[in-house]
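Peer 1:
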Amino acid sequence: MRVVYSVHGKILHVDLSSNKVWIEKYGDDLLSRYAGSRGIEAKLYWDLVPPDAHPFSEKNVFFVGSGTFTATPMPSSGRTTVAFKSPATGMYFKASVGGSFGLKLKHNGYDLIVVRGKAEKPVYIYVENDYVDILPAERYWGLDVRTTHIELLRKHGYESETLLIGPAGEKLVKFASVNCSVYNVAARGGGGAVLGSKLVKGIVVGKGERSIALYNPKRFLELAMKAVYNIMNDEALIATAKFGTASATMGLDKTSTLPVYNFRKSYWEHAYRNAGEYYVEAGYLVGRVGCAQCIVSCHRHTKTAKYGGVDTVGPEYETSNALGGNLGNPDTDALIKMNDLANIYGMDTISLGGVLGWFLETYEKGYLKNVAEELGTEPTWGNVEALLRLIEKIARREGVGDLLAEGTAVACEKVDPETCKWALQARGLEHSRVETRIARAYALAFALNPRGPDHLHTETFAEFGFSEAAKKLIKRLTGSEENAGVGKDTGRPEIVVWHEDIYAVTDSLGLCAFIDTAGYAVDEFMLAELFEAATGIEMSAEKLMRCGERIVTLERIIQVREGRTRKDDTLPWRILNEPITTREGVTYKLSKEWFDVMLNKYFTLRKWDTKTGVPLPEKLRELGLDFTVQEALKHLSA
Amino acid sequence: MPQALLTILSERLVRLLKCRESKSEVPVESGEYMVEDLLLIALGSVCESRSIPENSDKETFIAVNGRVYYDKKERVKVDGDVRITLFEVGAGG
Numbered sequence: 198m199r200v201v202y203s204v205h206g207k208i209l210h211v212d213l214s215s216n217k218v219w220i221e222k223y224g225d226d227l228l229s230r231y232a233g234s235r236g237i238e239a240k241l242y243w244d245l246v247p248p249d250a251h252p253f254s255e256k257n258v259f260f261v262g263s264g265t266f267t268a269t270p271m272p273s274s275g276r277t278t279v280a281f282k283s284p285a286t287g288m289y290f291k292a293s294v295g296g297s298f299g300l301k302l303k304h305n306g307y308d309l310i311v312v313r314g315k316a317e318k319p320v321y322i323y324v325e326n327d328y329v330d331i332l333p334a335e336r337y338w339g340l341d342v343r344t345t346h347i348e349l350l351r352k353h354g355y356e357s358e359t360l361l362i363g364p365a366g367e368k369l370v371k372f373a374s375v376n377c378s379v380y381n382v383a384a385r386g387g388g389g390a391v392l393g394s395k396l397v398k399g400i401v402v403g404k405g406e407r408s409i410a411l412y413n414p415k416r417f418l419e420l421a422m423k424a425v426y427n428i429m430n431d432e433a434l435i436a437t438a439k440f441g442t443a444s445a446t447m448g449l450d451k452t453s454t455l456p457v458y459n460f461r462k463s464y465w466e467h468a469y470r471n472a473g474e475y476y477v478e479a480g481y482l483v484g485r486v487g488c489a490q491c492i493v494s495c496h497r498h499t500k501t502a503k504y505g506g507v508d509t510v511g512p513e514y515e516t517s518n519a520l521g522g523n524l525g526n527p528d529t530d531a532l533i534k535m536n537d538l539a540n541i542y543g544m545d546t547i548s549l550g551g552v553l554g555w556f557l558e559t560y561e562k563g564y565l566k567n568v569a570e571e572l573g574t575e576p577t578w579g580n581v582e583a584l585l586r587l588i589e590k591i592a593r594r595e596g597v598g599d600l601l602a603e604g605t606a607v608a609c610e611k612v613d614p615e616t617c618k619w620a621l622q623a624r625g626l627e628h629s630r631v632e633t634r635i636a637r638a639y640a641l642a643f644a645l646n647p648r649g650p651d652h653l654h655t656e657t658f659a660e661f662g663f664s665e666a667a668k669k670l671i672k673r674l675t676g677s678e679e680n681a682g683v684g685k686d687t688g689r690p691e692i693v694v695w696h697e698d699i700y701a702v703t704d705s706l707g708l709c710a711f712i713d714t715a716g717y718a719v720d721e722f723m724l725a726e727l728f729e730a731a732t733g734i735e736m737s738a739e740k741l742m743r744c745g746e747r748i749v750t751l752e753r754i755i756q757v758r759e760g761r762t763r764k765d766d767t768l769p770w771r772i773l774n775e776p777i778t779t780r781e782g783v784t785y786k787l788s789k790e791w792f793d794v795m796l797n798k799y800f801t802l803r804k805w806d807t808k809t810g811v812p813l814p815e816k817l818r819e820l821g822l823d824f825t826v827q828e829a830l831k832h833l834s835a
Numbered sequence: 045m046p047q048a049l050l051t052i053l054s055e056r057l058v059r060l061l062k063c064r065e066s067k068s069e070v071p072v073e074s075g076e077y078m079v080e081d082l083l084l085i086a087l088g089s090v091c092e093s094r095s096i097p098e099n100s101d102k103e104t105f106i107a108v109n110g111r112v113y114y115d116k117k118e119r120v121k122v123d124g125d126v127r128i129t130l131f132e133v134g135a136g137g
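Sequences listed follow chains F and D, in order.
Just add 197 to the spot in the first sequence (first one is 1) and you have this note's numbering.
Just add 44 to the spot in the second sequence (first one is 1) and you have this note's numbering.
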């Protein structure tokens with residue numbers, strides 16, 4: 198182990214059960230193998246979380262880390278990663294979040310924090326340089342995220358930063374989120390509930406006085422400035438800056454890949470009400486908000502005078518669709534209110550939209566009829582009065598909210614297994630907002646994703662071919678630009694593999710995935726040069742992508758150890774069994790046979806066993822994951 | 045008389061259509077119009093070119109009063125001010 202550059206080489210361990218705090222040092226061995234936070238967290242997860250650990254037990258561990266490029270001059274490098282065993286999926290789960298928590302963490306001299314054990318009373322963790330403490334949080338327990346954030350900043354200084362849970366996390370809502378700087382959300386998988394189960398309201402990092410050293414600052418700065426230039430000239434990122442992530446809405450509507458009414462339709466006459474351009478045109482947008490070190494600033498500062506007045510951040514594309522068209526809701530003012538409620542209560546808007554969509558359809562089909570009385574109104578499509586009440590009830594686990602707080606997979610089984618046919622979930626996680634029966638790279642990626650059917654692991658946005666850069670990437674990955682476009686099957690496994698690998702690297706470096714998987718301002722060649730200049734570790738594009746492959750493979754074998762099999766590589770019942778028809782009248786259907794072909798090809802590319810989906814021992818050894826070989830052999834022979 | 049309130053959200057379209065401004069207001073009589081006719085009236089007040097070139101047509105969206113119309117032959121009723129917005133396909137993630 199030698200001196201590391203670009204990171205501190207320090208992991209802060211906080212054990213809530215023993216009230217102990219200690220620092221673990223690491224060096225370039227770990228950094229060169231895993232590139233940074235996400236990969237290191239996966240390795241620590243392998244070491245620390247036993248496969249039988251219940252997500253709400255003290256055996257579960259919550260990891261939070263800053264990226265290798267965070268606190269450097271690299272643009273879009275302020276991302277923070279988290280990892281934990283998910284109460285929604287029962288397996289390893291990772292997420293990446295914006296804001297400035299990761300930057301502040303690094304300013305305080307740490308790359309990662311590992312939260313272990315369980316507190317006896319509500320607490321929060323306070324970190325300022327060498328001072329680390331576990332402080333009482335009873336007075337904040339029950340408060341919403343925004344109020345808690347303001348109170349803690351008032352106490353610890355306005356240059357501090359927070360990572361918090363809301364009332365939903367405290368109530369162990371299965372899709373409770375972890376919020377950084379209030380509006381930047383590690384939303385999926387129920388990380389908020391994991392912290393809630395540990396009685397941790399959050400982590401506060403102080404102003405911090407530590408800086409990091411770069412190995413070759415001059416070269417790094419040259420490359421970072423090139424990245425700035427590329428970002429400012431990337432057409433997708435320009436659109437994202439102007440109109441936010443919800444600028445994707447109309448492109449998806451036009452290609453009939455915009456899921457609405459709980460995935461019963463894939464286009465909508467009111468889609469524009471959920472579009473970033475509409476937020477500008479209709480005057481909802483009052484400003485743009487950026488994460489630390491970001492020059493795109495895709496977050497929206499929005500306001501509405503309706504619904505008691507809302508001044509908030511968002512909604513993003515996924516939220517706009519999940520709580521908009523998905524619920525038949527064209528009321529943009531209500532959408533902004535619903536997004537704000539989800540943020541301050543600390544809930545994932547995609548899963549929230551998923552469970553509400555399931556509930557509306559379930560009610561429509563004659564189940565749970567007594568809920569109308571409970572709500573004081575009929576829970577029908579687009580009835581925002583009912584929807585707003587339901588959100589409050591879920592966050593507090595009141596009445597029907599207690600059922601819905603369990604997530605779609607559990608709720609449908611409890612009501613009637615028949616209703617699981619329209620529960621848009623797989624592996625316990627609600628499906629992200631793209632029509633996977635038509636966008637086929639997304640279909641394969643969602644089926645394989647360790648999180649569940651979700652976009653933030655393998656954003657194969659290039660598949661749409663919306664920009665020239667996207668078409669060029671598809672040509673590079675599949676041999677032809679003709680493979681760009683929806684409804685196509687050729688080259689999908691190759692598209693997925695590349696995106697998985699670069700996404701893993703991007704997360705680990707602390708970068709926003711928009712700059713290489715939605716926009717195309719940087720690629721693996723530039724990232725490798727940056728990595729070498731930052732850390733002094735020799736790196737090539739091939740070696741860096743190998744880091745990505747190592748992370749993806751380690752995450753797979755972690756889940757194999759937790760019980761994942763090839764049977765789990767699937768999508769929701771509706772996606773697999775019901776066709777979808779486009780605006781032009783073309784019908785698409787996925788089938789088990791289609792999946793078998795795609796999965797076999799993917800497993801072959803990965804050198805994973807086609808029968809079981811378990812990474813083969815020779816591949817594990819090749820990647821230096823020898824410590825996982827015994828586990829693989831166990832599942833291969835079984 | 046109602047006003048047609050045009051907003052062009054794409055700078056590229058402003059250049060392509062040779063518009064003096066990205067926003068304009070022009071009076072329009074009440075009645076029923078095809079979307080393409082409304083667009084013609086609105087663009088006529090501020091742009092040299094009055095129709096979207098065919099090679100850009102696929103990526104361009106026209107919203108009238110908060111609803112996007114893919115078929116420019118569709119008819120819309122004008123009985124008050126009408127908001128017309130032009131924009132291009134966004135590629136936000």
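No residue lacks a Cβ here, since even glycine has one placed at the ideal position from N, Cα and C.
Three or more C-beta pairs under 8 Å: does that hold for the segment 747-758 of chain F against the segment 603-617 of chain F?
Peer 2: Counting Cβ pairs under 8 Å, fewer than three are found: no touch.
Peer 1: So, with DSSP's three-state summary, where would you put residue 253 of chain F?
Peer 2: Coil.
Peer 1: So that I know if they touch, is there some Cβ in chain F lying closer than 8 Å to that of residue 137 of chain D?
Peer 2: In this predicted model, residue 137 of chain D has a pLDDT of only 45, less than 50, meaning its place in the structure is not dependable enough to derive any value.
Peer 1: Please say whether residue 398 of chain F and residue 387 of chain F have beta carbons closer to each other than 8 Å?
Peer 2: Taking 8 Å as the Cβ cut-off, residue 387 of chain F and residue 398 of chain F do not qualify as a contacting pair.
Peer 1: Does any residue of chain D bring its CB to less than 8 Å from the CB of residue 470 of chain F?
Peer 2: With 8 Å as the cut-off, residue 470 of chain F counts as an interface residue toward chain D.
Peer 1: Sort F/244, F/314 and F/493 by Cα distance to residue 396 of chain F and report the nearest one.
Peer 2: The candidate whose alpha carbon is nearest that of residue 396 of chain F is F/314.
Peer 1: So does the segment 817-832 of chain F actually touch the segment 49-64 of chain D, counting three or more Cβ pairs closer than 8 Å?
Peer 2: No, the segment 817-832 of chain F does not touch the segment 49-64 of chain D.
Peer 1: Measuring CB atoms only, is the segment 733-744 of chain F touching the segment 263-278 of chain F, in the sense that at least three cross pairs come out at less than 8 Å?
Peer 2: Short answer: they don't touch.
Peer 1: What residue range is occupied by the uninterrupted beta strand (DSSP E) comprising residue 47 of chain D?
Peer 2: Element bounds for residue 47 of chain D: 47-52.
Peer 1: Could you tell me the distance, in whole angstroms, from the CA atom of residue 137 of chain D to the CA atom of residue 414 of chain F?
Peer 2: Its pLDDT being 45, under 50, residue 137 of chain D is placed unreliably in this model, and the coordinates cannot settle the point.
Peer 1: Starting from the beta carbon of residue 104 of chain D, find every residue of chain F whose beta carbon is closer than 9 Å, and list them in chain order.
Peer 2: Neighbours of residue 104 of chain D on chain F: none; closest Cβ ~10 Å, over 9 Å.
Peer 1: For the segment 653-668 of chain F, which residues have a beta carbon sitting closer than 7 Å to at least one beta carbon of chain D?
Peer 2: The residues in question are 656, 658, 663 and 664.
Peer 1: The beta strand (DSSP E) that contains residue 131 of chain D, what's its start and end?
Peer 2: Run containing residue 131 of chain D: 126-132, per the beta strand (DSSP E) assignment.
Peer 1: Just verifying my parser: in three-state terms, what is the DSSP assignment at residue 495 of chain F?
Peer 2: In this structure, residue 495 of chain F counts as coil in the three-state DSSP scheme.
Peer 1: If you measure from the beta carbon of residue 210 of chain F to each beta carbon in chain D, is any gap under 8 Å?
Peer 2: Chain D contact via Cβ: absent.
Peer 1: Assuming residue 486 of chain F and residue 510 of chain F form a contact by the criterion Cβ under 8 Å, report the distance between their Cβ atoms to the nearest whole angstrom.
Peer 2: With a Cβ gap of about 6 Å, residue 486 of chain F and residue 510 of chain F count as contacting.
Peer 1: Starting from the N-terminal side, write out each stretch of the beta strand (DSSP E) that is 3 residues or longer and does not extend beyond the segment 385-414 of chain F.
Peer 2: Complete beta strand (DSSP E) runs here, min 3: 397-402.
Peer 1: Which chain F residues sit within Cβ distance under 8 Å of residue 53 of chain D?
Peer 2: Those are 439, 440, 474, 477 and 478, listed as they occur along chain F.
Peer 1: By Cβ distance below 8 Å, which residues in the same chain neighbour residue 216 of chain F in space, the five residues on each side in sequence not counted?
Peer 2: Within the same chain, residue 216 of chain F has close Cβ partners 331.
Peer 1: Using a threshold of 8 Å, state whether the C-beta atoms of residue 473 of chain F and residue 443 of chain F are closer than that.
Peer 2: Yes. Within cutoff.
Peer 1: So with CB distances below 7 Å, who are the chain F contacts of residue 88 of chain D?
Peer 2: Those do not exist, as residue 88 of chain D stays about 21 Å from chain F at its closest Cβ, beyond 7 Å.
Peer 1: If we count the other Cβ atoms within 10 Å of its Cβ and call it buried at 16 or more, is residue 126 of chain D buried or exposed?
Peer 2: Under this definition residue 126 of chain D is a buried residue.
Peer 1: Residues of chain B with a CB under 9 Å from the CB of residue 110 of chain D: which are they?
Peer 2: The structure shown contains no chain B; its protein chains are F and D.
Peer 1: Can you give the Cα-Cα distance for residue 716 of chain F and residue 336 of chain F, rounded to whole angstroms?
Peer 2: Cα to Cα, residue 716 of chain F sits roughly 43 Å from residue 336 of chain F.
Peer 1: So what's residue 333 of chain F in DSSP terms, helix, strand or just coil?
Peer 2: Residue 333 of chain F falls in the strand class under three-state DSSP.
Peer 1: Decide yes or no for the touch test of the segment 291-311 of chain F against the segment 420-440 of chain F: beta carbon pairs closer than 8 Å, at least 3 of them.
Peer 2: Touching, no, given that fewer than three Cβ pairs across the two stretches are closer than 8 Å.
Peer 1: When you compare the segment 769-787 of chain F with the segment 632-641 of chain F, are there three or more beta-carbon pairs, one atom per stretch, that lie closer than 8 Å?
Peer 2: Yes: at least three Cβ pairs fall under 8 Å.
Peer 1: Sort out for me which residues DSSP pairs residue 322 of chain F with in a bridge.
Peer 2: Answer by DSSP bridge pairing, in chain order: F/331 and F/400.
Peer 1: Pull up the distance between the alpha-carbon of residue 638 of chain F and that of residue 406 of chain F, whole angstroms please.
Peer 2: Those two C-alpha atoms are separated by around 44 Å.
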